[in-house]
Structure formats: C-alpha cells, structure tokens
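Take 73 as the starting number for the sequence shown in the numbering used here and just add one per residue.
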Amino acid sequence: MHTKLSCYSLLLSFTLLLCSCARSTGGASATRTTPPAVGQTPASAAGELKYQEPAGWVREQPTSNMRVAQFKLPRVEGDSDDASLVLYFFGSGQGGAVADNVDRWVNQMQQPDGTPSKDKAKIENLTVNGLKVTTVDITGTYTAQMTPGAETQHNDNNQRMRAAVVETPRGNYFAKLIGPEKTVAHWDQSFLDYIKSFEFR
Numbered sequence: 073m074h075t076k077l078s079c080y081s082l083l084l085s086f087t088l089l090l091c092s093c094a095r096s097t098g099g100a101s102a103t104r105t106t107p108p109a110v111g112q113t114p115a116s117a118a119g120e121l122k123y124q125e126p127a128g129w130v131r132e133q134p135t136s137n138m139r140v141a142q143f144k145l146p147r148v149e150g151d152s153d154d155a156s157l158v159l160y161f162f163g164s165g166q167g168g169a170v171a172d173n174v175d176r177w178v179n180q181m182q183q184p185d186g187t188p189s190k191d192k193a194k195i196e197n198l199t200v201n202g203l204k205v206t207t208v209d210i211t212g213t214y215t216a217q218m219t220p221g222a223e224t225q226h227n228d229n230n231q232r233m234r235a236a237v238v239e240t241p242r243g244n245y246f247a248k249l250i251g252p253e254k255t256v257a258h259w260d261q262s263f264l265d266y267i268k269s270f271e272f273r
C-alpha cells in the first residue's frame, strides 16, 4: 500500500514539475511586447508646426477639425472678393504624397487659352528651418469642387493660388492660399514670410 502511494506521489510531483517548466519556457502565458498601435505618432515626432502670423491677416474660426488655421486676406481696391488661406493637417501619414497634391492643385486651375496649367505653374523646393517645403504658384480660372466630393465646382476667373506642402516629423501640413489675382499679389510677400517662419517644435 505504501509502495503504491509513493509511486502515485512521485508521478504527481513529476507532472507538476513538467507543467511548471512549460509555463516558464515559452508557454502561452509568456510575456510579450505589445506593438505600437497603427497610426500612432512616434515619440520622436512629438511637436507641431509653428509659424509667425503676418500682420493684416484676419484669423477665422476653422470650419473643420482638419483645418489647423484659417485666415481671411482682405481684398484690394477693385477686387470683389477677399483671399483666403487655410492650413490643413489630416494626421500622421495622411493627406497624400507631395507630388500628388501639387498635381491636384495645378489641375484645379484652368487656363483661358486651353493650354495645360502645368506649363504655367511655378513649383519650387525650399528648406525652411530644416523642413522640406514645396510651393506652387499658378494663376487662371479656379475650378475646384465647392466641397470635397461635391458635384458643384468653382468657376472663378482671374484667380491666383499660392500653396505649399510642409514635411514634418509628425506628417505633412498643407497651406493653400486662393483669391483674386491682384489681392493675392498684394499679400504675396506676406505669404512668403509666413512660409519661411515655419518650424517644428
């Protein structure tokens, strides 16, 4: 009887020992590092785009959460409309490639003589406080959609667009100035000063 109990005790102890070893050598309950969430901004990208607000620009309440800032640039004498500038940020890795946005902006302008707008667009690459900036300058008839996805479009003659993509560690920011040609020309230096004040911190 004692022999049977001893054998049973030994068998039970051996089984418990095996289970303990399995848990400590890579069983299902082993500790693992949780990968970062998809779309999570890396710690090294903490910060935001800073800039100097030009004198004379009128700050407005952004009309969507994708608009970081929104300004009215008052019209000059002879123009019936003000110009507007919007700074967009769609999220880390969002908003599309630089070249795609440049092409889209250029295609929003039609030339009165029917020539391709890309032949008239002025595109420049700058480095501002360590940030890559691509700017677009083009005139013509503005034909962008009234709102994203809408069937109705603008049909505004004698317009000028000044736009920029700013590449930051957090993701791309997009600045777009549109308005009557004379009014945008009046604010052109202010736009350049605005772009050159960009820094990420």
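The beta-carbon is built from N, C-alpha and C at its ideal position, and this holds for glycine as well.
It should be emphasised that the depicted structure is a prediction, and the values quoted were computed from it without experimental measurement.
DSSP has GLY243 in a bridge; who is on the other side?
Walking along the sequence shown from the start, residue 243 turns up at place 171. GLY243 is bridged to THR240.
Along the beta strand (DSSP E) that carries GLN142, what are the first and last residues, could you check?
Along the sequence shown, one-based indexing puts residue 142 at 70. Per DSSP, GLN142 belongs to the beta strand (DSSP E) from 139-145.
Taking DSSP as the reference, what is the three-state secondary structure of CYS91?
If you number the sequence shown from 1, residue 91 lands on position 19. Residue confidence is low: CYS91 scores 42 on pLDDT, short of 50, so the model does not pin down where it sits. No coordinate-derived value is stated.
So for TYR266, helix, strand or coil by DSSP?
Here residue 266 is taken as the residue at index 194 of the sequence shown, counted from 1. In the three-state DSSP reduction, TYR266 falls in the helix class (H, G or I).
Rounded to a whole number of angstroms, what is the C-alpha to C-alpha distance between ASP265 and THR219?
As a position in the sequence shown, residue 265 is number 193, starting the count at 1. As a position in the sequence shown, residue 219 is number 147, starting the count at 1. Between ASP265 and THR219, the C-alpha separation is close to 29 Å.
Residue range of the unbroken alpha helix (DSSP H) whose run includes ASP175
For the purposes of this step, residue 175 is taken as the residue at position 103 of the sequence shown. Counted as a single uninterrupted DSSP element, the alpha helix (DSSP H) harbouring ASP175 occupies residues 170-179.
Given that a residue counts as buried once 16 or more other Cβ atoms are within 10 Å of its Cβ, and exposed if not, what is GLY251?
The residue labelled residue 251 in the question sits at position 179 within the sequence shown. Around the beta carbon of GLY251, a 10 Å sphere encloses 16 or more other beta carbons of the protein chains shown; the residue is thus reported as buried.
Should GLY165 go down as buried or exposed, given a rule of 16 or more other Cβ atoms within 10 Å for buried?
Position 93 of the sequence shown holds residue 165. GLY165 is exposed by the Cβ-count criterion.
Whole angstroms are fine: how far does the CA of MET138 sit from the CA of PRO114?
Position 42 of the sequence shown, counted from the first residue, corresponds to residue 114. Position 66 of the sequence shown, counted from the first residue, corresponds to residue 138. For PRO114, the predicted structure reports a pLDDT of 49, less than 50, and the residue's modelled location is therefore unreliable. A value from the coordinates is still provided. Take the alpha-carbon of PRO114 and the one of MET138: they are about 20 Å apart.
Can you list the beta strand (DSSP E) stretches of 3 or more residues lying completely in the stretch 202-227, in chain order?
If we require 3 residues or more, the beta strand (DSSP E) runs fully inside the stretch 202-227 come out as 203-214.
What do you get for HIS226, buried or exposed, if any count of 16 or more other CB atoms within 10 angstroms of its CB means buried?
Indexing the sequence shown from 1 puts residue 226 at position 154. Classification of HIS226: exposed, given that the 10 Å Cβ count is below 16.
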